[in-house]
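According to numbering that gives the first Met the number 0, the residues represented by the sequence shown are 0 to 259, in order. The structure appears below as structure tokens.
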Amino acid sequence: MRLRVEPPDVQVVGYRARVDKHAALLLAEGGSVTTERLDPDTDLSYTLGERHCAGAVDGDRHFRCDSDSAPYCPEHTDIWPCARCTGDCNKPLDTCDEEHAVYLAAFAPDVIKVGVTRSWRLETRLREQGADRAAHLRTVADGRIARQVEADIATELGDRVRVPRKISGFDQSVDTDWWASLCERYDPLSTYEFEYDLSLSERPMAETLATGTVRGTKGRVAVLENNDSVYAVDLRQLVGYELSDGGTDRDLQSSLGAFG
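In structure tokens form, the structure reads like this:
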């Protein structure tokens, strides 16, 4: 497959993390938004141009913004009130009153975080983050209680894992003894194990590019093969870039495997 981008003014204005079989980029051109799936074996041949605010998306419509701030300017940055909430709130969102799940998400080989989500979104949320293993700890009546439980556990385990740290374990598996000890300690209601079929023999190099063949996706990260080297691309880092057709000609660091 070949994804083509025709001028003028094609811009990456969003992404969809992998929750079933593929991740995707949202591309805007002339006020319209299209979804480009990042299925395995998809060939990307884009050159990244100028980067500026991705504007706003409403369904399949795009509202352009030329602010230099990227991926979003202050006007187009959503402030999520739950981002740093610890349960000391008046439940400002309607969704706060829904049943919530408290979970652990594990990333190879031995990185862990606690998190919360609405119960019906639990597996979707875990896949969005690219978790390798997960444990459903508790189900509670609302978001405020969930945040209080999360804050208590976070003092010991943490509640955030940066994308570069996740990428550092892409070529590894979860330490089974470490995971078993965590499950014994927290006695989860249920556990999950996810496979992403990346088939990596070495760690991919973090890079921001859109040229190469898609090996697979994990959460919001696409793994691309380019000139016998393998790169991990955080899709959020592509948001805001103008695209032109044709692969990049800039120098990229090569993996050891490229010298076979």
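Glycine is no exception: its CB is placed at the ideal position from the N, C-alpha and C atoms. The structure presented is a predicted model; accordingly, all values stated were derived computationally and were not measured.
- How about Ala153 and Asp131: do their beta carbons lie closer than 7 Å? Residue mapping note: residue 153 aligns to position 154 of the sequence shown, counting from 1. Residue mapping note: residue 131 aligns to position 132 of the sequence shown, counting from 1. Cβ atoms of Ala153 and Asp131: not closer than 7 Å.
- Message: Assuming the contact rule is C-beta atoms closer than 8 Å, Leu47 and Ala209 should be a hit. Round their C-beta distance to whole Å, please.
- Response: Position 48 of the sequence shown holds residue 47. Position 210 of the sequence shown holds residue 209. About 6 Å; that satisfies the 8 Å criterion.
- Item | Pairwise C-alpha distance: Gly211 and Ser172 | As a first step, residue 172 must be located in the sequence shown, where it is residue number 173. As a first step, residue 211 must be located in the sequence shown, where it is residue number 212. The straight-line gap from Cα to Cα measures roughly 25 Å.
- Please confirm whether Asp141 and Cys95 have their CB atoms less than 7 Å apart. Your numbering for residue 141 matches position 142 in the sequence shown. Your numbering for residue 95 matches position 96 in the sequence shown. For Asp141 and Cys95, yes; Cβs fall inside 7 Å.
- Query: Cβ of Val101 within 7 Å of Cβ of Ala145?
  - Reply: Your numbering for residue 101 matches position 102 in the sequence shown. Your numbering for residue 145 matches position 146 in the sequence shown. The answer is yes: Cβ separation under 7 Å.
- Item | Lys20 - DSSP class collapsed to helix/strand/coil | Taking the first residue of the sequence shown as position 1, residue 20 is located at position 21. If DSSP states are grouped into helix, strand and coil, Lys20 belongs with coil.
- Alpha carbon to alpha carbon, how far is Val213 from Arg120? Here residue 213 refers to the residue found at position 214 when the sequence shown is read from its first residue. Here residue 120 refers to the residue found at position 121 when the sequence shown is read from its first residue. Cα-Cα distance, rounded: 27 Å.
- Thr138 by DSSP, collapsed to three states: which one? What you label residue 138 is simply residue 139 of the sequence shown in a count that begins at 1. Correct three-state label for Thr138: strand.
- Alpha carbon of Leu242 to alpha carbon of His75, nearest angstrom: Start at 1 with the first residue of the sequence shown, and residue 242 comes out as number 243. Start at 1 with the first residue of the sequence shown, and residue 75 comes out as number 76. Each residue's Cα considered, the two are about 21 Å apart.
- Task: Give a yes or no on whether the C-beta atoms belonging to Ser66 and Cys52 are separated by under 7 Å.
- Result: Here residue 66 refers to the residue found at position 67 of the sequence shown. Here residue 52 refers to the residue found at position 53 of the sequence shown. In contact: Ser66 and Cys52 (Cβ atoms closer than 7 Å).
- Query: Around the C-beta of Phe62, are 16 or more other C-beta atoms found within 10 angstroms, so that it is buried, or is it exposed?
  - Reply: What you label residue 62 is simply residue 63 of the sequence shown in a count that begins at 1. Exposed, by the Cβ-count rule.
- Message: Count Cβ pairs between the stretch 192–205 and the stretch 105–115 that sit closer than 8 Å; are there 3 or more?
- Response: no
- Is the beta carbon of Ala16 sitting closer than 7 Å to the one on Glu127? Mapped onto the sequence shown, residue 16 falls at position 17. Mapped onto the sequence shown, residue 127 falls at position 128. Yes, these two residues count as a Cβ contact at 7 Å.
- Can you tell me whether Glu183 is buried or exposed, with buried defined as 16 or more other CB within 10 angstroms of its CB? As a first step, residue 183 is located in the sequence shown; it is residue number 184 there, counting from the start. Exposed, since its Cβ has fewer than 16 Cβ neighbours within 10 Å.
- Item | Coil, strand or helix - His75 by DSSP | In the sequence shown, the residue the question calls residue 75 occupies position 76. Looking at His75 - three-state DSSP - the assignment turns out to be helix.
- Drop a sphere of 10 angstroms on the beta-carbon of Pro6, count the other beta-carbons inside from all chains shown, and report buried for 16 or more, exposed for fewer. Numbered from its first residue, the sequence shown carries residue 6 at position 7. Note on Pro6: pLDDT 44, under 50, position unreliable in the model; no value is reported.
- Item | Spatially closest choice to Glu224 from Val18, Asp42, Gly29, Val12, by CA coordinates | Reading the sequence shown from its first residue, position 225 is the one you call residue 224. Nearest C-alpha to Glu224: Asp42.
- Task: Could you spell out the range, first to last residue, of the beta strand (DSSP E) harbouring Tyr45?
- Result: Working through the sequence shown from its first residue, we reach residue 45 at position 46. Per DSSP, Tyr45 belongs to the beta strand (DSSP E) from 42–50.
- Message: Using the three-state DSSP reduction, which class does Asp8 fall into: helix, strand or coil?
- Response: In the sequence shown, residue 8 corresponds to position 9, counting from 1. Coil, per DSSP.
- For Arg164, which residues from the same chain have a beta carbon less than 7 Å from its beta carbon, with the 5 sequence-adjacent residues on both sides left out? Along the sequence shown, read from residue 1 onward, the residue named residue 164 stands at position 165. Counting only Cβ-Cβ distances below 7 Å, and skipping sequence neighbours, we find Val110.
- Straight-line gap, Arg124 to Thr116 (C-alpha atoms, nearest Å): On the sequence shown, residue 124 is found 125 positions in, with the first residue counted as 1. On the sequence shown, residue 116 is found 117 positions in, with the first residue counted as 1. Distance between the alpha carbons of Arg124 and Thr116 is about 7 Å.
- Query: Considering Ser68, what are the terminal residues of the alpha helix (DSSP H) in which it resides?
  - Reply: As a first step, residue 68 must be located in the sequence shown, where it is residue number 69. Segment: none, Ser68 is in no alpha helix (DSSP H) and carries neither H nor E.
- Message: Rounded to the nearest angstrom, what separates Glu217 and Gly29 at their Cα positions?
- Response: As a working mapping, residue 217 is identified with position 218 in the sequence shown. As a working mapping, residue 29 is identified with position 30 in the sequence shown. The sequence shown places Lys at residue 217, rather than the Glu named in the question. Distance between the alpha carbons of Lys217 and Gly29 is about 30 Å.
- Alpha carbon to alpha carbon, how far is Arg50 from Ser68? Give it in angstroms, no decimals. Walking along the sequence shown from the start, residue 68 turns up at place 69. Walking along the sequence shown from the start, residue 50 turns up at place 51. When rounded, the distance between both Cα atoms is 8 Å.
- Message: Need the endpoints of the alpha helix (DSSP H) that Val162 sits in, please.
- Response: Residue mapping note: residue 162 aligns to position 163 of the sequence shown, counting from 1. 162–166 is the span of the alpha helix (DSSP H), which, as asked, contains Val162.
- Message: For a minimum of 4 consecutive residues, which ranges assigned as the alpha helix (DSSP H) are wholly contained in the stretch 109–160?
- Response: 121–128, 142–156
- Taking Cβ to Cβ, would you say Asp40 is nearer than 7 Å to His21? Position 41 of the sequence shown, counting from 1, holds the residue named residue 40. Position 22 of the sequence shown, counting from 1, holds the residue named residue 21. Contact flag unset, no.
- Just reading off the alpha helix (DSSP H) that Glu183 is part of, what are its end residues? As a working note, residue 183 is residue 184 in the sequence shown. Start and end: 175–185.
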